[in-house]
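Peer 1: Here it is: the structure, laid out below.
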Amino acid sequence: MKGTVLYGPGDVRFEERPEPKIALPTDAVIRMAVTCVCGSDLWPYRGLQPINGPTPMGHEYCGFVEEVGSAVKSVKPGDFVVGSFATSDNTCPHCQYGYQSSCVGREFMSTAQAPYLRVPLADGTLVKTPDGVPSDDLFPSLLATSDVLGTGWFAADAANVKPGSTVVVVGDGAVGLLGVLSAKQMGAERIVAMSRHEARQNLAREFGATDIVTERGAEGVTRIKEITKGIGADSVLECVGTSESMAQAIEATRPGGFVSYVGVPHGVELKGEDLFGTHVHLHGGPAPVRRFLPELISLVMNKKINPGRVFDLVLPLEQVADGYRAMDERRAIKALLRP
Ligand SMILES: [Zn+2]
């Protein structure tokens, strides 16, 4: 089969790769229904995160179980499944606490931009859709639950979004936009999306944003303070991962409020003295998507949410390099790939 490999900055190739096989009794192999390019894939693509030689890419997936190892009990060939970018046994203490992305057996998926995928710890990682194989118009939204929605949802959950909350979302990438959708689902009353990009502002409004702030940095914080009558937001979702976005998030939060951070940090440094005076709660990290998958899959299957709207570019899998380019140039929010 052919799969996606990153060779260096701007150099994505679709080339011959070994076909995945069952290596351990707890593995499954799935045939991809759809896959996609993640905002986090752009860090190494832009040369901002070093790679050690040619690196297979992709960690968002949903599809049909092809084959399972002898120990796998919960899924069987033909099932339609979604899994997280982090594998989990779903039984260890960290999993029991709901932090499956810190599972003692965790592996990060990295070969999903391909037609077939080996999934370790299949029983704990994969969730099958209820009532058999879903119709294919739901594939993009089911794919979104695998990471980008699961991460936006965790951002809202970790920022303690509740009915009536005032929420600010920093970052208008797909995760930020789905953070808006998640906050809306959790009952937030006011949702401010920080974005200066018209198409993304429109999608943010469609997902439930009540206000758009185009200013950034200190000016952006001033605008949030104006909107919140000088108080600051109850919950701020930091969905970028830079020093500037983190500072902006913390400063926009009211004393006692919550900042979640789900953007992979690049050069973020926090000063203890600055943090001390703010009284904010900080909670973030790689999203434990597995915790939320059953609920998110059900919301998609019942057509309560349509997170697949973030895919504004659809390409055949072999044109994966065009998907990276379009996202890098911000011509596309998120590229869906069809094997
Ligand atoms: Zn575990």
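Numbering (numbering that gives the first Met the number 0) for the sequence shown: 0 to 338. Quick reminder that beta carbons are idealized off the backbone N, C-alpha and C, glycines included. Just so we're clear, the structure is a prediction, and the values are computed from it rather than from any experiment.
Distance, Cα to Cα, Arg222 vs Asp210?
Peer 2: Straight-line Cα distance between these residues: approximately 11 Å.
Peer 1: With a floor of 3 residues, list each beta strand (DSSP E) that falls wholly inside the region 205-257, ordered by position along the chain.
Peer 2: With a minimum length of 3 residues, the continuous beta strand (DSSP E) runs that stay inside the region 205-257 are 210-212, 232-237.
Peer 1: Starting from the Cα of Gly52, find the closest Cα among Val279, His58, Tyr44 and give me that residue.
Peer 2: The residue with the shortest Cα to Cα distance from Gly52 is Tyr44.
Peer 1: Taking DSSP as the reference, what is the three-state secondary structure of Ser181?
Peer 2: In this structure, Ser181 counts as helix in the three-state DSSP scheme.
Peer 1: In its own chain, which residues sit with a C-beta less than 8 Å from the C-beta of Ala248, not counting the 5 before and 5 after it?
Peer 2: Once the five neighbours on either side are set aside, the close Cβ partners of Ala248 are Val167, Val169, Val235, Leu236, Glu237, Val258, Tyr260.
Peer 1: According to the neighbour-count rule (16 or more other Cβ atoms, all chains shown, within 10 Å of its Cβ), is Leu142 buried or exposed?
Peer 2: By the 10 Å Cβ count, Leu142 comes out buried.
Peer 1: Mind checking whether the beta-carbon of Ser87 lies closer than 6 Å to any heavy atom of ligand 1?
Peer 2: Flag set: Cβ of Ser87 near ligand 1.
Peer 1: What do you get for Ser181, buried or exposed, if any count of 16 or more other CB atoms within 10 angstroms of its CB means buried?
Peer 2: Ser181 is buried by the Cβ-count criterion.
Peer 1: Specify whether the region 114-129 and the region 152-168 touch according to this definition: at least 3 beta carbon pairs, one from each stretch, less than 8 Å apart.
Peer 2: No contact exists between the region 114-129 and the region 152-168.
Peer 1: Determine the extent of the beta strand (DSSP E) in which Phe138 is found, giving its start and end residues.
Peer 2: Counting along the chain, Phe138 falls outside any beta strand (DSSP E), though it belongs to the alpha helix (DSSP H) covering 138-144.
Peer 1: Taking DSSP as the reference, what is the three-state secondary structure of Cys102?
Peer 2: DSSP places Cys102 in coil when its eight states are reduced to three.
Peer 1: Going by C-alpha to C-alpha distance, which of Val299, Phe153, Arg16, Gly104 sits closest to Ala113?
Peer 2: Answer by Cα proximity: Arg16.
Peer 1: Identify, in the order they occur along the chain, each residue of the same chain with its Cβ nearer than 8 Å to the Cβ of Glu218, setting aside the five sequence neighbours on each side.
Peer 2: Within the same chain, Glu218 has no close Cβ partners at all.
Peer 1: What would DSSP say about Asp10, mapped onto helix, strand or coil?
Peer 2: Strand, per DSSP.
Peer 1: Just to confirm, does Cys61 get its C-beta within under 6 Å of one of the non-hydrogen atoms of ligand 1?
Peer 2: Result no, Cβ not under 6 Å from ligand 1.
Peer 1: What residues in its chain sit with their C-beta under 6 Å from that of Gly172, if we drop five residues either side in the sequence?
Peer 2: Within the same chain, Gly172 has close Cβ partners Gly38.
Peer 1: Which of the three DSSP states, helix, strand or coil, is assigned to Val168?
Peer 2: DSSP places Val168 in strand when its eight states are reduced to three.
Peer 1: With H, G and I counted as helix, E and B as strand and the rest as coil, what does DSSP make of Phe153?
Peer 2: Note: Phe153 maps to helix in three-state DSSP.
Peer 1: What number of angstroms, rounded off, separates the C-alpha of Glu339 from the C-alpha of Ala22?
Peer 2: Because residue 339 is not part of the residues shown, which for the chain are 0 to 338, the question remains open.
Peer 1: Would you mind stating whether Cys35 and Glu59 have Cβ atoms separated by less than 7 Å?
Peer 2: The answer is yes: Cβ separation under 7 Å.
Peer 1: In whole angstroms, what separates the C-alpha of Leu29 from that of Phe275?
Peer 2: Position check: residue 29 holds Ile in this sequence, whereas Leu was assumed. Answer to the nearest angstrom: the Cα atoms are 48 Å apart.
Peer 1: Is it buried or exposed, Pro287, if we count other Cβ atoms within 10 angstroms and call 16 or more buried?
Peer 2: Result: buried.
Peer 1: Alpha carbon to alpha carbon, how far is Val239 from Pro139? Give it in angstroms, no decimals.
Peer 2: For Pro139 and Val239, the distance between alpha carbons rounds to 23 Å.
Peer 1: Cα separation between Pro24 and Lys72?
Peer 2: Those two C-alpha atoms are separated by around 11 Å.
Peer 1: With which residues is Ile29 paired in a DSSP beta bridge?
Peer 2: In the DSSP output, where bridge partners are listed per residue, Ile29 has Val64, Leu116.
Peer 1: Report the rounded CA-to-CA distance for Gly131 versus Asp78, giving the unit in angstroms.
Peer 2: One C-alpha to the other measures close to 7 Å.
Peer 1: Assess contact between the region 140-160 and the region 281-300, defined as three or more Cβ pairs (one per stretch) separated by less than 8 Å. Is contact present?
Peer 2: Output reads yes: the region 281-300 touches the region 140-160.
Peer 1: How is Arg329 classed by DSSP in three states: helix, strand or coil?
Peer 2: Coil.
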